[in-house]
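Position 2 of the sequence shown, counting from 1, maps to 2 under the UniProt record's numbering, and the rest follow consecutively.
The C-beta atom is built at its ideal place from N, Cα and C for all residues, glycine as well.
Here is the structure we will look at.
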Amino acid sequence: MTILCVRFQLPPMYEAALPQLLGLLEEFTPVVEALPPDGALADLRGAERYFGRDAVELASVIRVRALALYGVDCVTGAGPGPMLARMALRDARPGLTRAVPEGEVREFLAGRPVAELPGVGTATARTLCEYGLDTLGRVAAAPLSTLQRLVGAKAGRELHEKAQGVDRGRVVPNGVSLPHSRLRSSGGTPILAADRPFDRDELDPGRHRRALLSAAEELGARLRAVDKVCRTLTLTVRYADRSATIRSRTLKEPTAHSAALTEAAYGMYEALGLQRARVRSIALRAEGLAPAEQASHQLTFDPVDEKVRRIEEVADRARAKFGPRAVMPGSLAA
């Protein structure tokens, strides 16, 4: 059990605390992968040897420190690989780490619904269930050729391996933003992220777009606050079945302009062609950050564009003086 999957129980709209909590994990291992808005994966292979404790014992120490230093509780799952640690997390409770030892992987997976396997979407799960392959144990016992006929050669091979407990994933260190003027770069390029979870699975495209608008405006304000621009915008749409769609777009020019970010976000969302999709959350990431002073801006001679930029400057000053709620989401969209 060398991989830990941690979900911090952050209050709503308190995702800004995640970077500090990731820093807590990095006191034990440098191999930490952020899972915004409230989670992380940590590879504890080196930590187990260094501290002389296993992953479950280290998880208890991490929980105590998170409570003592930040007043934040957490739940943790542990397993031989990232996939198994994530699945174990679903059975975890505060104060009780759900661990999947190496020798108990098949037993752990056998009775679980096939839809719980990461990467298995609604359509694939429905197809498998129609042929009686409704649990991971039955999928593991099915001939590889059968699975490949049902879901395709590559997908069938991956499904067969995962159902048997073969976890080829690894923890990839990444970075998330720190609030205000500090940016985090943990083994990669700094990023800024804004996540918009819904109170319930949301079908309304209008509410999806409002969430995108809010997230884009937040990213723009945070980029301008730290004098950065981004080159790439990434959209992550998470669905009710825990699957997700991720799309990235390289911007026409590096920007911190909220309107440009919103336009790119809307474009990626529309390209998905979602039809009555039950969306659990929408997230945007600004990537490829660079100093704003080094970025060039194509002059448009558009008085509307210049007006919006001046409004942004006024809004940024209002946020700096009165706090982030001084400007309501969407108020700059006009």
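(message) Helix, strand or coil, according to DSSP, for ALA92 in the structure here?
(response) Position 92 of the sequence shown, counting from 1, holds the residue named residue 92. The answer is coil: DSSP assigns ALA92 none of H, G, I, E or B.
(request) For ASP241, collect the residues of the same chain with a Cβ closer than 7 Å to its Cβ; drop the 5 residues on either side in sequence, then sort them by chain order. (result) Along the sequence shown, read from residue 1 onward, the residue named residue 241 stands at position 241. Taken in chain order, the residues that qualify are ALA115, GLY121 and THR122.
(message) Going by the DSSP bridge assignment, what does ARG98 pair with across the sheet?
(response) As a working note, residue 98 is residue 98 in the sequence shown. Answer by DSSP bridge pairing, in chain order: GLY77.
(request) With a threshold of 16 other CB atoms inside 10 Å of the CB of SER145, please say whether the residue is buried or exposed. (result) Reading the sequence shown from its first residue, position 145 is the one you call residue 145. SER145 comes out exposed.
(message) I'd like the list of long-range same chain contacts for VAL56, defined as Cβ closer than 8 Å, with 5 residues on each side in sequence excluded.
(response) Mapped onto the sequence shown, residue 56 falls at position 56. Residues MET1, ALA78, THR97 and ALA99 of the same chain have their beta carbon placed closer than 8 Å to that of VAL56, with the five preceding and five following residues left out of the count.
(message) Determine whether the beta carbon atoms of ALA256 and LEU203 lie at a separation below 8 Å.
(response) Residue 256 sits at position 256 when you count from the first residue of the sequence shown. Residue 203 sits at position 203 when you count from the first residue of the sequence shown. Not in contact: ALA256 and LEU203 (Cβ atoms no closer than 8 Å).
(request) Excluding the 5 residues preceding and the 5 following GLN275 in the sequence, name in chain order all residues of the same chain whose CB lies nearer than 8 Å to its CB. (result) Along the sequence shown, read from residue 1 onward, the residue named residue 275 stands at position 275. Within the same chain, GLN275 has no close Cβ partners at all.
(message) I'd like to know whether the C-beta atoms of SER281 and ARG238 end up nearer to each other than 8 Å.
(response) Looking up residue 281 in the sequence shown gives position 281. Looking up residue 238 in the sequence shown gives position 238. In contact: SER281 and ARG238 (Cβ atoms closer than 8 Å).
(request) Please classify THR2: does DSSP put it in a helix, a strand, or coil? (result) Residue 2 sits at position 2 when you count from the first residue of the sequence shown. Residue state, collapsed to three classes: coil.
(message) To the nearest angstrom, how far is the alpha carbon of ALA271 from that of LEU261?
(response) Counting from 1 along the sequence shown, the entry for residue 271 is found at position 271. Counting from 1 along the sequence shown, the entry for residue 261 is found at position 261. Cα to Cα, the separation comes out at about 16 Å.
(request) Give the C-beta separation of ALA66 and LEU22 to the nearest angstrom, bearing in mind that I take them to be a contact with Cβ-Cβ under 8 Å. (result) For the purposes of this step, residue 66 is identified with residue 66 of the sequence shown, where counting begins at 1. For the purposes of this step, residue 22 is identified with residue 22 of the sequence shown, where counting begins at 1. No, ALA66 and LEU22 are not in contact; Cβ-Cβ is about 11 Å, not under 8 Å.
(message) Assuming residue 336 and LEU251 are in contact, meaning their beta carbons sit under 8 Å apart, how far apart are those beta carbons, in whole angstroms?
(response) Because the chain in this structure spans residues 1 to 334, residue 336 falls outside the shown range and cannot be described.
(request) Sort out for me which residues DSSP pairs ALA283 with in a bridge. (result) Indexing the sequence shown from 1 puts residue 283 at position 283. Note: ALA283 sits in a beta bridge opposite ASP195 and THR236.
(message) Which of the three DSSP states is assigned to GLU27 in this structure?
(response) The sequence position of residue 27 within the sequence shown is 27, counting from 1. Residue state, collapsed to three classes: coil.
(message) Would LEU136 and LEU117 qualify as a contact pair, given that the criterion is a beta-carbon distance under 8 Å?
(response) Here residue 136 refers to the residue found at position 136 of the sequence shown. Here residue 117 refers to the residue found at position 117 of the sequence shown. Contact: yes.
(request) Tell me, to the nearest whole angstrom, how far the beta carbon of PRO36 is from that of LEU18; I am working on the premise that it is less than 8 Å. (result) In the sequence shown, residue 36 corresponds to position 36, counting from 1. In the sequence shown, residue 18 corresponds to position 18, counting from 1. With a Cβ gap of about 6 Å, PRO36 and LEU18 count as contacting.
(message) Quick check on the burial criterion: 16 or more other C-beta atoms within 10 angstroms. Buried or exposed for residue 387?
(response) Nothing about residue 387 can be read from this structure; the chain reaches only from 1 to 334.
(request) Check the C-beta distance from ARG85 over to LEU4 and give it rounded, since I have them as a contact under 8 Å. (result) Translated into the one-based positions of the sequence shown, residue 85 becomes position 85. Translated into the one-based positions of the sequence shown, residue 4 becomes position 4. Residue identity check: residue 85 is Ala in the sequence provided, not Arg. Indeed they touch by this definition, with Cβ atoms about 6 Å apart.
(message) Can you tell me where the alpha helix (DSSP H) holding LEU117 begins and where it ends?
(response) Here residue 117 is taken as the residue at index 117 of the sequence shown, counted from 1. LEU117 -> no alpha helix (DSSP H), and no H or E assigned at all.
(message) Buried or exposed, going by whether 16 or more other CB atoms sit within 10 Å of the CB of ASP227?
(response) Here residue 227 refers to the residue found at position 227 when the sequence shown is read from its first residue. It counts as exposed.
(request) Kindly indicate which residue of VAL64, ASP195 and GLU33 has the alpha-carbon position closest to the one of PRO82. (result) Indexing the sequence shown from 1 puts residue 82 at position 82. Looking at the Cα atoms, GLU33 is the closest of the given residues.
(request) Note the first and the last residue of the continuous beta strand (DSSP E) segment covering GLU104. (result) Locating residue 104 in the sequence shown gives position 104, counting from the first residue. First-last for GLU104: undefined, no H or E at that position.
(request) Note the first and the last residue of the continuous beta strand (DSSP E) segment covering ARG249. (result) Within the sequence shown, the letter at position 249 stands for residue 249. From DSSP, the beta strand (DSSP E) with ARG249 extends over 244-255.
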